[in-house]
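Under my numbering, the letters of the sequence shown match residues 744 to 821, in that order.
Think of the CB as a built atom: it goes at the ideal place given N, C-alpha and C, for glycine as much as any other residue.
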Amino acid sequence: MTTTPPGASRNDVRTPATAAEAEAAWLVAITKGDEEQRELMLPDCVIVHGPVGNVHEWERFLGYNASTGATVETETAG
């Protein structure tokens, strides 16, 4: 997972220092929309999701995610 700081180019990429930072960034992004999620994905990533383990490349995942309606709240437990 990578992030691009506001005002930086897509080539100016940094990685979160911890898994907790990466998870926190994702939880915020999924409540904001496709572009925010897209900025956190690498071009060659795949996403495994759902109760049956669907596997999608990132653009297909974003389309599927958008078709399920807006995410307005997120929660995680460890």
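Note the first and the last residue of the continuous beta strand (DSSP E) segment covering valine 718.
It is not possible to answer for residue 718, since the shown part of the chain is limited to 744 through 821.
Three-state secondary structure assigned by DSSP to glutamate 800
strand
Can you give me the Cβ contacts of aspartate 777 inside the same chain, cut-off strictly under 8 Å, excluding the 5 residues immediately before and after it?
Leu805, Asn808, Ala809
Contact defined as beta carbons within less than 8 Å: I believe threonine 774 pairs with glutamate 816. What is the distance between those atoms, to the nearest angstrom?
7 Å
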